[in-house]
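Keeping their order, the protein sequence lines are chains B and E. Letter by letter, the first sequence follows residues 0 to 298 of numbering that gives the first Met the number 0. Letter by letter, the second sequence follows residues 0 to 333 of numbering that gives the first Met the number 0. Each remark here refers to the structure printed beneath this line.
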Amino acid sequence: MSVAEAEAKELRLEQPSSLGRDALERFRHNKAALVGVAVILLLVLVAIFAPLIAPYGPRQQVGALDSSDPEGPSSEHLMGLDEQGRDEFSRVVYGARLSLLVGLVSVTFGLTFGLILGALAGYFGGWIDTAIMRVMDIMLSIPGLLLAIGLVTLLGRGLIQIMCAVGITTIPIFARLLRGAILAQRESDYVLAARSVGVPGGRLLMIHILPNALAPVIVQATLAMATAIIDVAGLSFLGLGPADPGFPEWGKMLADNASRLERAAHLVIFPGAAVVISVLGLNLIGDGLRESIDPKLRS
Amino acid sequence: MLNYALRRVILTIPILLGLSIIVFAFVRALPGGPAIALLGERGTEEQEEQIEEELGLDQPVYVQYGRYMSNVLSGDLGTSTRTRQPIVEELKLKFPATFELSIAAMFFAILIGVPLGFVAAKRYQGVLDNTSLVLSLIGISFPVFFLALLLKYIFSIKMGLLPTIGRLDITRSLEHPTNFYVLDSIIAGDTAALGDSLRHLVLPAVALGTIPLAIVARITRAAVLDVTSEDYVRTARAKGLDPRVIDRRHVLKNALLPVITIIGLQTGLLLTGAILTETVFAWPGVGSWMLEAIRFRDYAVLQGGILFFAVLIVFVNLLVDLSYAFLNPRIRYQ
Chain B
0 MSVAEAEAKE LRLEQPSSLG RDALERFRHN KAALVGVAVI LLLVLVAIFA PLIAPYGPRQ
60 QVGALDSSDP EGPSSEHLMG LDEQGRDEFS RVVYGARLSL LVGLVSVTFG LTFGLILGAL
120 AGYFGGWIDT AIMRVMDIML SIPGLLLAIG LVTLLGRGLI QIMCAVGITT IPIFARLLRG
180 AILAQRESDY VLAARSVGVP GGRLLMIHIL PNALAPVIVQ ATLAMATAII DVAGLSFLGL
240 GPADPGFPEW GKMLADNASR LERAAHLVIF PGAAVVISVL GLNLIGDGLR ESIDPKLRS
Chain E
0 MLNYALRRVI LTIPILLGLS IIVFAFVRAL PGGPAIALLG ERGTEEQEEQ IEEELGLDQP
60 VYVQYGRYMS NVLSGDLGTS TRTRQPIVEE LKLKFPATFE LSIAAMFFAI LIGVPLGFVA
120 AKRYQGVLDN TSLVLSLIGI SFPVFFLALL LKYIFSIKMG LLPTIGRLDI TRSLEHPTNF
180 YVLDSIIAGD TAALGDSLRH LVLPAVALGT IPLAIVARIT RAAVLDVTSE DYVRTARAKG
240 LDPRVIDRRH VLKNALLPVI TIIGLQTGLL LTGAILTETV FAWPGVGSWM LEAIRFRDYA
300 VLQGGILFFA VLIVFVNLLV DLSYAFLNPR IRYQ
């Protein structure tokens, strides 16, 4: 081993710890967060391989069409049959696709618009800031589900409309978050340094400020996805979901059978449990991320 | 304090204005225009014209908005197209039901959440602490309507302990001077009715209060942990003060500040949760009223309901901020 090689090795050993690496390290030791990751990974796999896992199609009628007394769970039908004689297990499995899609799309929608508005407000300040943030305040003063109800009434029933409606309700959260982060970063030394060497405004925002404000945004996005899944199920439960009666959406499946609770509780419990498990998974990840990026916990 | 209060009150004015514009625009943006939206599909052309004239749709938008605002400010939220009743009158009937339910839910959340959070913080990282953390995380992950259905299934259908729907047994007659049934039965001196209305209140209140309970417990725990490491607590301990007195006078009193804020901020959650809970338990409050309005396309009710809820939340937030400033002098001088 040459001297240079030995030195290089030592240098590698002395790699400085960064906030990101520290956070990852803490996250890896957070058992609850890892459980959350496992749950969501499982859910993603179920969603991807739904046709392989589900013994029947989500709309396939396999048993007696019996709306008054649907068949309960058995070895043949793990979660029983629904009122239309469809295999409930298959429907719950296919439902994972919808819930994940809905969570992902609506949060991406809200995140995109929220970040743009937050960046505009935080970066330009002045009347642009005032105008944007007042609108955000107004949106925040209407409870999310209520705003979504109003929006669905406007946009019409349907999966895309629901995702937009729920997405819109998350815009103010992200806008506020990013604006706050930008205001905090704007005065920091490294931004001042970048500005003094003549980095143009847009580049300053994209390359220097945004990445440093991203951690809380990711945490919020995870938690917002959990809320989005609950809200979409809630809208479906209120009868504002997709009009298609065969649609395997957990909230809708639950709502369709709420009146049969006495005789067919399995049709309420299984889709409901599926919602709880996926939301819990996302909340565990979100909490874990929040704890791991908290600089106060940095050792 | 006065200065801060004044500034905070003035800040709500643009929010209220914006809200009124959004709600005003809401009905106008509905497909088919406001006349058809307000009349429903069964309206005749004559009625349509009449409504358009009533609404002054031939006039410029700002004149329409001005008229709408002057109506709202004089306490006229319009008329339900389904029942032909003034919306304000219906609201007076329905809101006490939702309010009673929300108060009961909040009682449940605070009475259990605050002690739970306090004890969890005292046993930091102990079994009880970890258990309550896990439970509160599960609590937050439950959709309120699913929890409501589960409670109904277990305690009403399976065990037959509590009634499944409504606010009072239908065979019972009770005068309703306030429409708060618990209060009404106390006024009437009817203990049987009081027991009955309380029994009807239990499940919806628990369902609606569980998520706030989880949040209150978490915040209380965090706040107590924060305060416990403060210098004044150490000083109190060093001078040999009774630990119970320290807990009560120094820890809890200061830790409750953020808890009060959180309780106030739950109002929005409670009101939307009420829409779902009321649906499950056929609770005749604002929530099920608005849901019915959606089903029957009664947009006037929906418009009035959304405005009412939103204004309520703006005022609760204002109250929270003011009480916070009152309790915490540091806020006032910022």
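Where a beta carbon is used, it is the ideal one built from N, C-alpha and C, also for glycine. None of these values were measured; they are calculated from a predicted model.
- Within chain B, the C-beta atoms nearer than 7 Å to that of A309 of chain E come from S140 and I141, in chain order.
- With contacts defined by Cβ atoms closer than 8 Å, G267 of chain E and P142 of chain B form a contacting pair.
- DSSP, reduced to helix, strand and coil, places R156 of chain B outside both helices and strands of the structure shown, so it counts as coil.
- Interface residue (Cβ-Cβ distance to chain B less than 8 Å): I214 of chain E is not classified as such.
- Apart from the 5 residues on each side of it in sequence, I218 of chain E sits with its Cβ closer than 8 Å to the Cβ of G116, P257, V258 and I261 in its chain, given in chain order.
- Those residues of the segment 116 to 148 of chain B placed with their C-beta closer than 8 Å to a C-beta in chain E are R133, V134, D136, I137, S140, I141, P142, G143, L144, L145 and I148, ordered along the chain.
- In the assembly as shown, K251 of chain B is a buried residue. Its beta-carbon has 16 or more other beta-carbons within 10 Å.
- Within the DSSP secondary-structure output, D128 of chain B pairs in no beta bridge.
- For M105 of chain E, the uninterrupted alpha helix (DSSP H) segment begins and ends at I86 to K121.
- By the C-beta density criterion, W126 of chain B is exposed, having fewer than 16 other C-beta atoms within 10 angstroms.
- Here H28 of chain B is exposed. Its C-beta has fewer than 16 other C-beta atoms within 10 Å.
- For A309 of chain E, the CB contacts under 6 Å within the same chain, skipping 5 residues up- and downstream, are L18 in chain order.
- DSSP, read as helix, strand or coil, puts L64 of chain B in coil.
- An exposed status is given to Q124 of chain E, since fewer than 16 other beta-carbon atoms sit within 10 Å of its beta-carbon.
- The residues G166, T169, A220, A223, M224 and A227, in chain order, have a CB closer than 8 Å to that of V106 of chain B in the same chain once the five nearest residues on each side in sequence are set aside.
- The count of Cβ pairs closer than 8 Å, one atom from the segment 272 to 292 of chain E and one from the segment 79 to 93 of chain E, reaches three, so the stretches are in contact.
- Against chain B, the CB of R294 of chain E has a partner CB under 8 Å away; the residue lies at that interface.
- At a cut-off of 8 Å between C-beta atoms, F236 of chain B counts as an interface residue with respect to chain E.
- One alpha carbon belongs to N70 of chain E, the other to L311 of chain E, and they sit about 18 Å apart.
- Rounded to the nearest angstrom, the Cβ distance from A206 of chain E to L150 of chain E is 5 Å, consistent with a contact under 8 Å.
- DSSP, read as helix, strand or coil, puts R7 of chain E in helix.
- In this model, I20 of chain E and L176 of chain B are separated by some 26 Å (Cα to Cα).
- Comparing C-alpha distances from L72 of chain E to each of E:V300, E:V87, E:E229 and E:Y61 shows the shortest one belongs to E:V87.
- In the DSSP assignment, S235 of chain B falls within the alpha helix (DSSP H) that extends over L209 to F236.
- Note on geometry: alpha-carbon atoms of V232 of chain E and G112 of chain E lie some 23 Å from one another.
- Counting only the Cα atoms, L269 of chain E lies some 8 Å from M105 of chain E.
- Around K151 of chain E, the beta-carbon contacts reaching into chain B at under 8 Å are L260.
- Contact annotation for A28 of chain E against chain B: L153 [CB-CB distance below 7 Å, chain order].
- Looking at the DSSP output, L80 of chain B sits in a beta bridge with B:D86.
- Legend: CB atoms of the segment 265 to 292 of chain B lying less than 9 Å from CB atoms of chain E belong to residues V267, I268, P270, G271, A272, V274, V275, I276, S277, V278, L279, G280, L281, N282, L283 and D286.
- Nearest C-alpha to L153 of chain B among E:L127, E:V26, E:L321 and E:P59: E:V26.
- By DSSP's assignment, T78 of chain E forms a beta bridge with E:P85.
- Among the CB atoms of chain E, one or more fall inside 8 Å of the CB of L253 of chain B.
- With a cut-off of 8 Å on Cβ pairs, the segment 79 to 99 of chain B is in contact with the segment 255 to 269 of chain B, counting three or more such pairs.
- Residue environment for V101 of chain B: buried (at least 16 other C-beta atoms within 10 angstroms of its C-beta).
- If you check the CB distance, L281 of chain B and G35 of chain B come in under 8 Å.
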